[in-house]
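*Asks:* Quick one: this structure, given as structure tokens, is what I'll be asking you about.
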Amino acid sequence: MDTDLARTWVQAIAAAVDQHKDHLTQLDSAIGDADHGANMHRGFSAAVTALADYEPDTVGAVLVKTGTTLISTVGGASGPLYGGAFRAIGKALDTPSPDPQQVAAALAAGLASIEKLGAAAPGDKTMIDAYAPALAAFKQQADAGADLAAAAVAAADAAEEGMRATTPMQARKGRASYLGARSIGHQDPGATSTALVFRALAETLGSRAESLGER
Amino acid sequence: MDTDLARTWVQAIAAAVDQHKDHLTQLDSAIGDADHGANMHRGFSAAVTALADYEPDTVGAVLVKTGTTLISTVGGASGPLYGGAFRAIGKALDTPSPDPQQVAAALAAGLASIEKLGAAAPGDKTMIDAYAPALAAFKQQADAGADLAAAAVAAADAAEEGMRATTPMQARKGRASYLGARSIGHQDPGATSTALVFRALAETLGSRAESLGER
Amino acid sequence: MKKLINAPEAVLAEALSGIAAAHPGLKVDAENRVIARALGTKPGKVALVSGGGSGHEPLHGGFVGRGMLDAACPGEVFTSPVPGQMLAAAQAVDGGAGVLFIVKNYTGDVLNFQMAAELAAEEGIIVETVLVDDDVAVQDSTWTAGRRGTGATVFVEKIAGALAEQGGSLTEVADMGKRVNAASRSFAVALTACTTPASGKPGFDLPEDEMEVGVGIHGEPGRRREKLRPAKDIVATALDAILADQPMVAGDETIVMVNGLGGTPLIELYVVFNEVAAVLGDKGVAVARSLVGNYVTSLDMAGVSLTVCKADADMLSLWDAPVNTPALRWGI
Amino acid sequence: MKKLINAPEAVLAEALSGIAAAHPGLKVDAENRVIARALGTKPGKVALVSGGGSGHEPLHGGFVGRGMLDAACPGEVFTSPVPGQMLAAAQAVDGGAGVLFIVKNYTGDVLNFQMAAELAAEEGIIVETVLVDDDVAVQDSTWTAGRRGTGATVFVEKIAGALAEQGGSLTEVADMGKRVNAASRSFAVALTACTTPASGKPGFDLPEDEMEVGVGIHGEPGRRREKLRPAKDIVATALDAILADQPMVAGDETIVMVNGLGGTPLIELYVVFNEVAAVLGDKGVAVARSLVGNYVTSLDMAGVSLTVCKADADMLSLWDAPVNTPALRWGI
Ligand SMILES: Nc1ncnc2c1ncn2[C@@H]1O[C@H](COP(=O)(O)OP(=O)(O)O)[C@@H](O)[C@H]1O
Ligand SMILES: Nc1ncnc2c1ncn2[C@@H]1O[C@H](COP(=O)(O)OP(=O)(O)O)[C@@H](O)[C@H]1O
Ligand SMILES: [Mg+2]
Ligand SMILES: [Mg+2]
Ligand SMILES: [Mg+2]
Ligand SMILES: [Mg+2]
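Heads up: the protein sequence lines correspond to chains X, P, R and V, in order.
First residue of the first sequence? That's 72 in our numbering, and the numbers climb one at a time after it.
First residue of the second sequence? That's 72 in our numbering, and the numbers climb one at a time after it.
First residue of the third sequence? That's 349 in our numbering, and the numbers climb one at a time after it.
First residue of the fourth sequence? That's 349 in our numbering, and the numbers climb one at a time after it.
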């Protein structure tokens with residue numbers, strides 16, 4: 072992973088969010104306040120802009136800047152949560168070209184930030200329910216010696232599975248918790264955007280791997 | 072005509088208005104403010120109550136009381152217009168048992184009151200477009216020597232025809248005038264209630280004639 | 349029909365009882381349906397009475413209080429009150445200096461207030477009347493019912509009310525009311541129909557992408573139906589109609605009201621006001637004073653009315669005078 | 349979607365510009381999205397800052413002014429503002445006596461205000477926070493997000509604002525805010541869903557004869573769906589929930605707010621208030637002060653929230669203290 076790649080990841084998230092904006096809002100409309108698509112879109116568009124002429128030395132700096140931008144533009148619950156996560160990930164990647172183990176540790180720092188701020192646990196029907204399995208899968212692959220691309224694909228698959236698993240859950244945190252049992256049967260918007268984040272990572276790393284392979 | 076008959080007429084109007092309340096409101100909803108049914112219902116129910124233990128000497132007193140009650144309970148445009156008309160009719164019937172010519176003159180006084188207060192003319196798409204032909208028909212029958220019942224039937228028929236003739240008119244008075252050309256194609260609610268008033272008169276006089284004939 | 353009520357017939361009486369409970373500064377005569385100031389009229393002060401159908405709240409009861417109305421007569425929803433109500437109001441608030449009836453120009457209101465004025469005269473109460481007819485969506489002509497009275501009513505009640513409070517005579521107060529009305533123009537659009545409790549159904553069906561242009565405040569359809577457009581265009585249409593009828597030049601001062609018809613969020617009214625201020629600003633016309641909110645509503649109708657009064661110095665200073673009513677309050 | 353706007357993305361910026369144009373007593377920092385008093389904070393006065401998503405107008409911007417807030421930070425519609433905004437507000441209004449953040453209990457608001465408090469502390473500004481969580485429709489527990497903050501925000505802002513104006517210290521003002529919150533409970537029902545500009549569609553479909561019971565102010569469905577019932581029954585349900593959580597006895601004094609959610613006509617709110625006054629009256633609980641109107645809205649949602657504060661003498665006297673804001677004004 073390098074700074075270009077980090078930037079490409081953020082751009083890929085922005086593109087995915089742009090494409091799924093209405094879907095995210097629709098999911099948030101069912102059990103929240105119908106702004107998650109707009110929130111994510113505002114934040115990641117701003118991040119792409121902020122990164123456009125930002126040329127730092129480390130992957131981490133790119134992601135810290137992304138997190139800071141999210142915090143200063145998103146608002147809502149997702150702003151501080153994603154913003155804090157990207158800042159934590161970035162702070163843990165203070166190197167020009169981290170390896171899979173380092174990335175796994177950084178992603179773990181991101182989750183820790185979300186858990187600390189949001190005080191939510193797996194099963195509460197939040198973004199954590201996509202993030203935690205994604206992290207576990209990534210770590211497992213990295214520990215097994217897989218490369219970044221392979222680890223990221225496993226993470227994205229796990230995130231999507233985690234995302235789908237939020238549907239039957241009853242929310243205990245965030246706005247959806249106000250609905251009590253009526254939150255059951257709806258997929259969590261934040262878990263859905265987290266799945267987009269990990270899928271974007273997998274695609275970014277995958278196409279880099281391909282282009283490297285083609286050389 | 073006598074005081075009992077006058078009271079019966081008012082009761083018959085009240086019954087007809089009760090039955091057609093929603094229809095009147097619906098017509099008023101299309102080109103007005105959706106209250107004509109409620110207005111007429113409130114007014115004539117109050118009139119029936121007011122007449123319940125009122126035992127005056129003349130037909131006129133019954134109708135003056137009816138008009139006064141309408142004025143004090145209806146509001147809107149129709150309150151003063153119908154109220155003033157019934158008061159004028161009543162004032163012109165200062166006799167225990169008026170004949171058809173006298174009734175025709177009284178009905179003419181009613182129309183004059185409406186025209187004076189409302190400053191509307193035939194063709195403006197108002198209650199006048201039912202009232203004026205009804206009066207003309209009544210007068211013609213009376214002049215030709217018809218009895219009250221026959222004159223009233225002719226008046227009711229003419230009122231209904233006049234009511235239907237308001238549909239293609241463009242309103243120039245009342246709320247419907249605010250719609251300009253969009254008032255065309257809708258039957259005037261006030262003309263419709265006026266047709267009920269005359270039909271109620273015809274039925275009241277008709278059943279009296281029958282019961283007299285049966286004696 | 350979805351309404352927070354108990355029964356359509358009971359709405360007015362129960363709302364009056366709620367108004368009485370909510371506003372210690374008001375006293376409500378439930379039998380005669382008159383809302384008046386709890387403290388009554390200062391002897392020698394001209395008393396202002398207004399009224400009209402209900403469903404336009406806060407108009408008129410919300411404008412009863414020091415510096416504005418002395419009494420309001422609420423009729424049934426969208427139905428003019430009856431003369432007896434107005435007479436009871438005039439009798440209750442006459443301070444010996446006469447009573448000004450402020451009447452919106454609708455056949456029903458005009459006729460009922462006219463009868464009330466006659467009854468009051470018989471009781472020895474001197475009555476003058478100001479007729480409000482500010483809605484430029486409706487053509488004025490001697491052959492029609494004339495223009496509707498809408499938003500300008502608030503301006504007339506406020507400014508004439510202030511003059512009465514300052515000791516103006518009945519003629520002076522009436523003249524000021526007429527001047528304010530003559531200087532004011534309104535125009536409204538609706539995005540949805542409203543539903544009266546008695547009818548239970550929306551007054552008209554409006555497709556999702558259309559609006560009614562040139563509506564009144566009684567749920568009737570407008571002059572024409574158009575495709576829904578951005579706020580900027582709607583404001584342009586409304587101000588064009590207003591300024592065509594009441595031309596203004598750079599340096600003129602205005603009082604502007606952006607009024608919600610009942611179902612429009614306040615945030616949208618501010619978006620609309622922003623456009624109004626921009627258009628008038630471009631012409632060099634000053635928005636000297638303004639109101640943005642729900643003042644003359646049409647039950648649950650979504651939409652907005654604009655009212656612009658070309659105000660002279662007297663009007664502005666009377667506008668600024670203290671007012672203490674449920675819906676308008678400052679300087680107290 | 350039927351809205352008087354130009355574009356969903358432009359609503360907030362344009363509304364802020366409209367607010368600036370409409371209220372000379374306010375100054376709007378368009379870049380940082382901060383609404384503050386034009387005159388600034390008196391040195392030595394504790395400054396009150398609140399904020400939250402937009403779409404609840406007049407909350408919060410309409411409560412900025414003497415005797416209430418010093419600044420408000422409006423976020424996007426239904427989206428908490430960002431820490432930078434809150435920091436800019438705190439910096440703009442700190443009068444040297446510290447800043448009180450009044451925060452409605454939503455994850456987003458809490459987290460963003462928390463970050464802002466940290467940033468402010470880094471800048472040497474002393475910040476205290478009052479968390480408002482009055483909505484009894486939501487179960488409180490350490491395992492959940494806790495109760496939502498709704499109508500009581502108005503009470504907290506008014507009463508704490510008055511104490512700040514009278515020279516209360518940051519601790520005193522914060523404590524008073526917490527006391528008011530602890531004494532206040534709310535409950536709301538919705539008859540229709542609202543539509544955010546960004547989503548363009550109503551948040552839920554509600555049959556013509558049903559209502560959502562226990563809703564918040566962000567367009568989310570309620571705790572349960574029920575058949576629409578008369579106002580009397582709805583008030584009974586809401587007051588039962590409130591009084592179960594905050595028992596009151598004869599002789600207690602209250603401040604009551606009957607608050608429209610944006611699309612409900614004022615006449616209906618008075619019908620509701622009439623029922624509330626009757627129920628509390630039967631229990632001997634005094635409605636010492638009241639508000640009836642649109643104060644904490646949810647865009648165009650039809651519905652009502654009830655807020656009851658069991659008020660002590662201090663609260664009542666602070667309630668009566670002068671306030672001069674666009675949406676609440678008396679004693680000035
Ligand atoms: N306490 C929390 N911990 C983790 N994630 C949370 C928490 N609260 C909310 N979320 C996530 O945030 C998402 C909602 O984000 P968004 O709609 O942008 O913010 P808001 O709820 O403030 O409108 C939820 O779907 C959920 O995944
Ligand atoms: N100037 C007028 N002259 C005669 N009839 C009128 C006039 N204005 C209105 N009307 C009649 O009154 C009817 C409406 O009555 P109603 O709905 O009860 O009163 P409002 O128009 O005040 O709501 C109209 O349909 C019309 O027939
Ligand atoms: Mg959301
Ligand atoms: Mg009508
Ligand atoms: Mg009417
Ligand atoms: Mg939100």
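For glycine and all other residues, C-beta sits at the position ideal for the given N, C-alpha and C.
Quick caveat: nothing in here was measured; it's all calculated off a predicted structure.
Between the alpha carbons of ASP660 (chain R) and LEU639 (chain V), how many angstroms are there, rounded?
*Replies:* In the third sequence, the residue the question calls residue 660 (chain R) occupies position 312. In the fourth sequence, the residue the question calls residue 639 (chain V) occupies position 291. Answer to the nearest angstrom: the Cα atoms are 35 Å apart.
*Asks:* Given a threshold of 16 other Cβ atoms within 10 Å of its Cβ, counted over all protein chains shown, does LYS575 (chain V) qualify as buried or as exposed?
*Replies:* On the fourth sequence, residue 575 (chain V) is found 227 positions in, with the first residue counted as 1. Exposed.
*Asks:* If you count every other CB in all the chains shown that lies within 10 Å of the CB of GLY509 (chain V), and 16 or more means buried, which is it?
*Replies:* Here residue 509 (chain V) is taken as the residue at index 161 of the fourth sequence, counted from 1. Counting Cβ neighbours within 10 Å, GLY509 (chain V) comes out buried, since at least 16 surround it.
*Asks:* Whole angstroms are fine: how far does the CA of PHE535 (chain V) sit from the CA of LEU587 (chain V)?
*Replies:* By 1-based counting over the fourth sequence, the position of residue 587 (chain V) is 239. By 1-based counting over the fourth sequence, the position of residue 535 (chain V) is 187. So the alpha carbons of these two residues sit roughly 8 Å apart.
*Asks:* Does any C-beta atom of chain V lie closer than 7 Å to the C-beta of PRO578 (chain R)?
*Replies:* Taking the first residue of the third sequence as position 1, residue 578 (chain R) is located at position 230. PRO578 (chain R) counts as touching chain V.
*Asks:* Which residues in chain V sit within 8 Å of GLY277 (chain X), going by Cβ to Cβ distance?
*Replies:* Sequence index remark: in the first sequence, residue 277 (chain X) carries index 206 (1-based). Those do not exist, as GLY277 (chain X) stays about 32 Å from chain V at its closest Cβ, beyond 8 Å.
*Asks:* In chain order, what residues have a CB nearer than 5 Å to some heavy atom of ligand 3?
*Replies:* That gives X:ASP99, X:GLY103, X:ASP104, X:ASP106 and X:HIS107.
*Asks:* Which residue marks the beginning of the beta strand (DSSP E) containing ARG246 (chain P), and which one marks its end?
*Replies:* To locate residue 246 (chain P), count along the second sequence from 1; it is residue 175. Careful: ARG246 (chain P) lies outside any beta strand (DSSP E) and carries neither H nor E.
*Asks:* Among residues of its own chain, excluding the 5 on either side of ASN110 (chain X), which ones have a beta-carbon nearer than 8 Å to its beta-carbon?
*Replies:* Start at 1 with the first residue of the first sequence, and residue 110 (chain X) comes out as number 39. The residues are VAL145, GLY146, GLY147, SER149 and GLY150.
*Asks:* For LEU219 (chain P), does the three-state DSSP call read helix, strand or coil?
*Replies:* Walking along the second sequence from the start, residue 219 (chain P) turns up at place 148. In this structure, LEU219 (chain P) counts as helix in the three-state DSSP scheme.
*Asks:* Using a cut-off of 8 Å between C-beta atoms, extract the partners of VAL425 (chain V) located in chain X.
*Replies:* Here residue 425 (chain V) refers to the residue found at position 77 when the fourth sequence is read from its first residue. Result: ASP106.
*Asks:* Mind the definition here: the region 183-201 of chain P touches the region 252-262 of chain P only if three or more C-beta pairs lie below 8 Å; say whether that holds.
*Replies:* The answer is yes - the region 252-262 of chain P touches the region 183-201 of chain P, with three or more Cβ pairs under 8 Å.
*Asks:* Give a yes or no on whether the C-beta atoms belonging to ALA579 (chain V) and ASN354 (chain R) are separated by under 7 Å.
*Replies:* One-based indexing of the fourth sequence puts residue 579 (chain V) at position 231. One-based indexing of the third sequence puts residue 354 (chain R) at position 6. Their beta carbons are under 7 Å apart, which means ALA579 (chain V) touches ASN354 (chain R) by this criterion.
*Asks:* Put PRO550 (chain R) into one of helix, strand or coil per three-state DSSP.
*Replies:* For the purposes of this step, residue 550 (chain R) is taken as residue 202 along the third sequence, with counting starting at 1. It is a strand residue.
*Asks:* Within a Cβ cutoff of 6 Å, which residues of the same chain sit near ILE84 (chain P), ignoring the five residues on either side of it in sequence?
*Replies:* Locating residue 84 (chain P) in the second sequence gives position 13, counting from the first residue. Closer than 6 Å at Cβ, skipping near neighbours: PHE115, VAL268 and ALA271.
*Asks:* One question on the structure: do ALA625 (chain V) and LEU664 (chain V) come within less than 7 Å of each other, judged by their Cβ atoms?
*Replies:* Locating residue 625 (chain V) in the fourth sequence gives position 277, where the first residue counts as 1. Locating residue 664 (chain V) in the fourth sequence gives position 316, where the first residue counts as 1. No, the Cβ-Cβ distance between ALA625 (chain V) and LEU664 (chain V) is not below 7 Å.
*Asks:* Rounding to the nearest angstrom, what Cα-Cα distance links LYS393 (chain R) and VAL671 (chain V) in this structure?
*Replies:* Your numbering for residue 393 (chain R) matches position 45 in the third sequence. Your numbering for residue 671 (chain V) matches position 323 in the fourth sequence. So the two alpha carbons sit approximately 29 Å from each other.
*Asks:* Is the CB-CB distance between ARG527 (chain R) and VAL656 (chain R) below 7 Å?
*Replies:* Counting from 1 along the third sequence, the entry for residue 527 (chain R) is found at position 179. Counting from 1 along the third sequence, the entry for residue 656 (chain R) is found at position 308. No; because the gap between Cβ atoms is not below 7 Å, this pair is not in contact.
*Asks:* Using the Cα positions of ALA468 (chain V) and ALA438 (chain V), report the straight-line distance between them to the nearest angstrom.
*Replies:* As a first step, residue 468 (chain V) must be located in the fourth sequence, where it is residue number 120. As a first step, residue 438 (chain V) must be located in the fourth sequence, where it is residue number 90. Each residue's alpha carbon lies about 7 Å from the other.
*Asks:* Residues of chain R with a CB under 9 Å from the CB of GLU556 (chain V): which are they?
*Replies:* By one-based count along the fourth sequence, residue 556 (chain V) stands at place 208. Here the neighbours are MET349 and LYS350.
*Asks:* VAL502 (chain V) and ALA512 (chain V) - do their beta-carbons sit closer together than 7 Å?
*Replies:* The residue labelled residue 512 (chain V) in the question sits at position 164 within the fourth sequence. The residue labelled residue 502 (chain V) in the question sits at position 154 within the fourth sequence. Their beta carbons are not under 7 Å apart, which means ALA512 (chain V) does not touch VAL502 (chain V) by this criterion.
*Asks:* At a threshold of 6 Å, does PHE146 (chain X) count as lining ligand 5 (C-beta to nearest heavy atom)?
*Replies:* On the first sequence, residue 146 (chain X) is found 75 positions in, with the first residue counted as 1. For the record, residue 146 (chain X) in the displayed sequence is Gly; it is not Phe. No, Cβ of GLY146 (chain X) sits at least 6 Å from all heavy atoms of ligand 5.
*Asks:* Throw me the rounded Cβ distance for the GLU616 (chain V) and LEU352 (chain R) pair, which I believe falls under 8 Å.
*Replies:* By 1-based counting over the fourth sequence, the position of residue 616 (chain V) is 268. By 1-based counting over the third sequence, the position of residue 352 (chain R) is 4. The pair is a contact, with the Cβ atoms about 4 Å apart (cut-off 8 Å).
*Asks:* Please confirm if GLY564 (chain R) has its CB atom under 7 Å from at least one CB of chain P.
*Replies:* As a working note, residue 564 (chain R) is residue 216 in the third sequence. GLY564 (chain R) counts as touching chain P.
*Asks:* Rounded to whole angstroms, what's the CA-CA distance from ARG571 (chain V) to ASP593 (chain V)? Just pull it up for me.
*Replies:* Here residue 571 (chain V) refers to the residue found at position 223 when the fourth sequence is read from its first residue. Here residue 593 (chain V) refers to the residue found at position 245 when the fourth sequence is read from its first residue. The alpha-carbon atoms of ARG571 (chain V) and ASP593 (chain V) are separated by roughly 17 Å.
*Asks:* Please name the residue, chosen from P:ASP104, P:LEU188 and P:ALA77, that lies closest to VAL135 (chain P) on a Cα-to-Cα basis.
*Replies:* Against the second sequence, residue 135 (chain P) aligns to sequence position 64. Of the candidates P:ASP104, P:LEU188 and P:ALA77, the one whose C-alpha sits nearest the C-alpha of VAL135 (chain P) is P:ALA77.
*Asks:* Going by the CB atoms, is the gap between GLY608 (chain V) and MET649 (chain V) shorter than 7 Å?
*Replies:* The count along the fourth sequence starts at 1 and reaches residue 649 (chain V) at position 301. The count along the fourth sequence starts at 1 and reaches residue 608 (chain V) at position 260. Their beta carbons are not under 7 Å apart, which means MET649 (chain V) does not touch GLY608 (chain V) by this criterion.
*Asks:* Which residues of the region 233-262 of chain X have a Cβ closer than 7 Å to any Cβ of chain V? Give them in chain order.
*Replies:* Correct list: ARG243, LYS244, GLY245, ARG246, SER248, TYR249, LEU250, GLY251 and ARG253.
*Asks:* Consult DSSP for SER402 (chain V) and reduce its assignment to one of helix, strand or coil.
*Replies:* Taking the first residue of the fourth sequence as position 1, residue 402 (chain V) is located at position 54. Strand.
*Asks:* Taking 7 Å as the threshold (C-beta atoms), are VAL480 (chain V) and VAL504 (chain V) in contact?
*Replies:* Sequence index remark: in the fourth sequence, residue 504 (chain V) carries index 156 (1-based). Sequence index remark: in the fourth sequence, residue 480 (chain V) carries index 132 (1-based). The answer is yes: Cβ separation under 7 Å.
*Asks:* Interface residues of chain R around THR144 (chain P) at Cβ under 8 Å?
*Replies:* Here residue 144 (chain P) corresponds to residue number 73 of the second sequence, with the count starting at 1. Those are VAL430, listed as they occur along chain R.
*Asks:* Looking only at its own chain, which residues have a Cβ that is under 7 Å from the Cβ of THR612 (chain V), when we skip the five neighbours before and after it?
*Replies:* Taking the fourth sequence and counting its residues from 1, the one referred to as residue 612 (chain V) is at position 264. The answer, listed in chain order, is ALA650, GLY651 and VAL652.
*Asks:* Could you tell me whether any Cβ in chain R is nearer than 7 Å to the Cβ of LEU188 (chain P)?
*Replies:* Taking the second sequence and counting its residues from 1, the one referred to as residue 188 (chain P) is at position 117. LEU188 (chain P) counts as touching chain R.
*Asks:* Identify the continuous alpha helix (DSSP H) that holds SER184 (chain X) and give its terminal residues.
*Replies:* Working through the first sequence from its first residue, we reach residue 184 (chain X) at position 113. 171-189 is the span of the alpha helix (DSSP H), which, as asked, contains SER184 (chain X).
*Asks:* Give me the residue from R:LYS452, R:THR602, R:THR544 and R:LEU591 with the minimum Cα distance to HIS408 (chain R).
*Replies:* As a position in the third sequence, residue 408 (chain R) is number 60, starting the count at 1. Nearest C-alpha to HIS408 (chain R): R:LYS452.
*Asks:* Excluding five sequence neighbours on each side, which residues of the same chain lie with their C-beta closer than 7 Å to the C-beta of ILE507 (chain V)?
*Replies:* Translated into positions along the fourth sequence, residue 507 (chain V) becomes position 159. Within the same chain, ILE507 (chain V) has close Cβ partners MET524, VAL528, MET663, LEU666 and TRP667.
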